[in-house]
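Chemist:
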Amino acid sequence: MATIKWAIMGTGTIAKSFAQGLDSLADAELYAVGSRYLQHAEQFGERFPAQKYYCSYEALACDPDVDVVYIATPNSAHKDNILLCLNHGKSVLCEKPFTLNRHETAEVIRVAREKNLFLMEGMWTRFFPVYRQVREWLDAEAIGPVRMVSADFGFRREGPAEDRKVGLHRGGGALMDVGVYPISFASWVFRQAPSTITGVASLYETGVDDLSAMTLLYPDGQVAVLSCSINTPTQKEARIIGNKGTIVIPEFSKAISATLAVIGEAPVTVTFPLEGNGYNYQAAAVMACLRAGKTECELMPLDESLAIMAQMDELRRQWGVVFPGER
Ligand SMILES: NC(=O)c1ccc[n+]([C@@H]2O[C@H](COP(=O)([O-])OP(=O)(O)OC[C@H]3O[C@@H](n4cnc5c(N)ncnc54)[C@H](OP(=O)(O)O)[C@@H]3O)[C@@H](O)[C@H]2O)c1
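Be aware that the sequence shown starts at 26, since it is given in my numbering, and climbs by one per residue.
Okay, structure coming up:
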């Protein structure tokens, strides 16, 4: 696999960002674009040229020369789109949140494992270089044993009420759109699932959550305090607090810096500017896995995606947010 041939499924907002990310990788090729409409695929190609444009997702999945498919469709379509690709023998990177719920995630994982194919949730933030430094600090217990994590991800949504971000039928809501980031962050820090998760949420007129606060308790007594919103802009800051100090990551969802503040010492700030637009890092990690013959990425393992989805299911259960077909 000298150059890895990517296919992009869906031609919306994030597909364009991902294509731009691929552009900065010398060993990646945007080979094919698949859309529900040929016109969308060709319009996408005006900005991000590919060799093939397909007018159906199935036609894209059937192309024998595609090495890996990046799925950038609405949340409600992820499961079917992942299965379509896996059933045609394709490796898959699928946007977050992985699927609508735990049952769907369990199904796609089962099929990927049965077929021995690569599959990963596109939790792109984990792959930024600054997180390697944060992990080193954590492993060295630079702030002592971690006691608490706090993280928030909120923004003010612009757009019509039928927007996918608030459509119940599209798997919308703040939790699904951005809440998955702080939950995934806490999971990354603690390397385990919480024993208890509770939350409160305000609901939008469509029935999805639009502002919520969540508290998580871990088996060894640590806690996480998280929040998310699609109607309120927040700092998007993450803090990891140990009994000797704190690590602060400003804008943790697109992190380029982190500050280590140990009690009694001068704070140290490290900066790792992003190369490319940031989406290139997860793409590079996927390609490294494919070249190594791996079917999972250690930085975003499938069982962890499943555990995160189970936490989101529990929060939605508490809030009464039910997607069509879940009853
Ligand atoms: N990683 C990140 O930073 C990030 C940021 C934003 C979104 N996301 C995730 O990426 C996914 C897509 O988000 P987006 O903002 O790119 O959405 P979007 O702009 O609405 O694009 C979604 C695309 O999916 C395709 N699609 C398939 N079935 C559809 C349907 N029934 N209705 C509408 N479009 C449909 C369409 O492409 P065709 O017309 O070509 O088929 C559409 O352009 C979501 O899962 C979201 O959570 C991730």
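All residues carry an ideal CB built from backbone N, CA and C; glycine is no exception.
All figures in this text were calculated on a predicted structure; none of them were measured in a lab.
Pick helix, strand or coil for Asp-234, following the three-state DSSP scheme.
Modeler: Strand at Asp-234.
Chemist: Quick one: is the Cβ of Pro-17 within less than 6 angstroms of any heavy atom of ligand 1?
Modeler: The first residue shown for the chain is 26 and the last is 352, placing residue 17 beyond what the model contains.
Chemist: Here's the rule: buried if 16 or more other CB atoms are within 10 angstroms of the residue's CB, otherwise exposed. What is Pro-207?
Modeler: buried
Chemist: If I'm right that Thr-240 touches Thr-223 with Cβ under 8 angstroms, what's the distance once you round it to whole angstroms?
Modeler: Indeed they touch by this definition, with Cβ atoms about 5 angstroms apart.
Chemist: At a cut-off of 6 angstroms, would you count Thr-231 as near ligand 1, judging by its Cβ distance to the nearest heavy atom?
Modeler: Ligand 1 never approaches Thr-231 closely enough for any of its heavy atoms to be under 6 angstroms from the residue's Cβ.
Chemist: Under 6 angstroms Cβ to Cβ from Ser-209, same chain only, skipping five residues before and after it: list those, please.
Modeler: Around Ser-209: Met-148 and Ile-333.
Chemist: Is it buried or exposed for Tyr-156, if we count other Cβ within 10 angstroms and need 16 for buried?
Modeler: So Tyr-156 counts as buried.
Chemist: State yes or no: is the C-beta of Arg-189 nearer than 6 angstroms to some heavy atom of ligand 1?
Modeler: yes
Chemist: Does the beta-carbon of Ala-102, which I'm using as the reference point, lie nearer than 6 angstroms to any heavy atom of ligand 1?
Modeler: yes
Chemist: If you check the beta carbons only, do Ala-226 and Ser-212 fall under 7 angstroms apart?
Modeler: no
Chemist: Output the distance between the C-alpha atoms of Ile-39 and Ala-97, rounded to the nearest integer angstrom.
Modeler: 7 angstroms
Chemist: Taking 6 angstroms as the cut-off, is the C-beta of Ser-330 nearer than that to any heavy atom in ligand 1?
Modeler: no
Chemist: Give every residue of the same chain whose Cβ lies closer than 7 angstroms to the Cβ of Thr-130, excluding the five residues on either side of it in the sequence, and list them in chain order.
Modeler: Phe-123, Thr-124, Ser-330, Leu-331 and Met-334
Chemist: Mind checking whether the beta-carbon of Ser-254 lies closer than 6 angstroms to any heavy atom of ligand 1?
Modeler: no
Chemist: What does the alpha-carbon distance come out to for the pair Gly-70 and Gln-76?
Modeler: 9 angstroms
Chemist: Just to confirm the assignment, what range does the alpha helix (DSSP H) spanning Thr-38 have?
Modeler: Counting along the chain, the alpha helix (DSSP H) containing Thr-38 begins and ends at 38 to 48.
Chemist: For a test of the three-state rule: what should DSSP assign to Glu-290, helix, strand or coil?
Modeler: Note: Glu-290 maps to coil in three-state DSSP.
Chemist: Considering only the beta carbon of each residue, do Leu-109 and Lys-140 sit closer than 7 angstroms?
Modeler: no
Chemist: I think Tyr-82 touches Met-34, with their Cβ atoms under 8 angstroms apart; what is that distance to the nearest whole Å?
Modeler: Sure, about 5 angstroms apart at Cβ, within 8 angstroms.
Chemist: Which first and last residues belong to the beta strand (DSSP E) in which Tyr-78 is found?
Modeler: 77 to 79
Chemist: Examine ligand 1 and report whether any of its heavy atoms sits within less than 6 angstroms of the Cβ of Ser-60.
Modeler: yes
Chemist: Check whether the Cβ of Cys-113 sits closer than 6 angstroms to any heavy atom of ligand 1, and report yes or no.
Modeler: One point to set straight first is that residue 113 is His, not Cys, in the sequence displayed. No, ligand 1 has no heavy atom inside 6 angstroms of this Cβ.
Chemist: Start and end of the alpha helix (DSSP H) containing Phe-215?
Modeler: 205 to 215
Chemist: Would you kindly work out how many angstroms separate the C-alpha atoms of Ala-186 and Ser-254, rounded to a whole number?
Modeler: 16 angstroms
Chemist: Tell me the residue span of the beta strand (DSSP E) that contains Thr-223.
Modeler: 221 to 228
Chemist: Could you check how far apart the C-beta atoms of Gly-46 and Leu-85 are, in whole angstroms? I think they sit under 8 angstroms.
Modeler: Actually they do not touch by this definition, with Cβ atoms about 19 angstroms apart.
Chemist: Which residue wins for smallest C-alpha separation from Val-191, given the options Leu-163, Val-233 and Val-214?
Modeler: Val-233
Chemist: In chain order, what residues of the same chain lie with their CB nearer than 7 angstroms to the CB of Thr-257, ignoring the 5 residues before and after it?
Modeler: Gly-179, Arg-181 and Leu-236
Chemist: Is the Cβ-Cβ distance between Thr-28 and Glu-54 less than 7 angstroms?
Modeler: yes
Chemist: Pull the bridge partners of Lys-30 from the DSSP assignment, please.
Modeler: Glu-54
Chemist: Measuring straight from C-alpha to C-alpha, what distance separates Glu-120 and Ile-272?
Modeler: 28 angstroms
Chemist: Excluding sequence positions up to five away, which residues of its chain have a Cβ less than 8 angstroms from the Cβ of Glu-321?
Modeler: These residues qualify, in order along the chain: Phe-143, Leu-144, Met-145, Cys-314 and Leu-327.
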